[in-house]
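Student: Sending over a structure as structure tokens; questions will come in a sec.
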Amino acid sequence: DIGSSLYAALELTGNRPVRAVQRISAANLGDSDARLLEVPPGIAGLHIERISYLASGKVIEFTRSIYRGDAYDFVAELRLTGPSEEGRP
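Okay, so the sequence shown: first residue is 1300 according to the numbering used here, each after it adds one.
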């Protein structure tokens, strides 16, 4: 039974993603996307694409999503570390 979680299913088969690249861009929505999101055509929306990779570098997931610009809150937490030991004499 796979259940409802893609990541749980991948974990069970030993195909756990170890990294992902996500691109977020603003764009005016075309007719079909605007209709699906129940907004007027031409209104701003967010296009998000994510590619997830296995440790081997193989792509395991590709996701493309479109969100209403007035209903999405983007938050990023950045963790900073000290200077690298490599650059020190």
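Glycine included, each C-beta is placed from N, C-alpha and C at the ideal position.
Please read these numbers as outputs of a predicted model, since none were measured by experiment.
#1: Name the DSSP beta bridge partners of A1325, please?
#2: Would you kindly check if the distance between the Cβ of T1362 and the Cβ of R1378 is under 8 Å?
#3: Pick helix, strand or coil for R1318, following the three-state DSSP scheme.
#4: Considering only C-alpha positions, which residue in the set I1342, H1346 and L1353 is nearest to E1310?
#5: Where E1360 and S1324 are concerned, what is the direct C-alpha to C-alpha distance, given to the nearest angstrom?
#6: From the DSSP output, in three-state form, read off R1378 for me.
#7: Judging by CA-CA distance, which residue of S1303, A1307, A1319 and A1326 is the nearest neighbour of S1355?
#8: For Y1366, report the span of its beta strand (DSSP E) as first-last.
#9: Count the other CB atoms within 10 Å of the CB of L1328; is the residue buried (16 or more) or exposed (fewer)?
Tutor: Taking the coordinates as given:
#1: L1345
#2: no
#3: strand
#4: L1353
#5: 19 Å
#6: coil
#7: A1319
#8: V1358 to R1367
#9: buried
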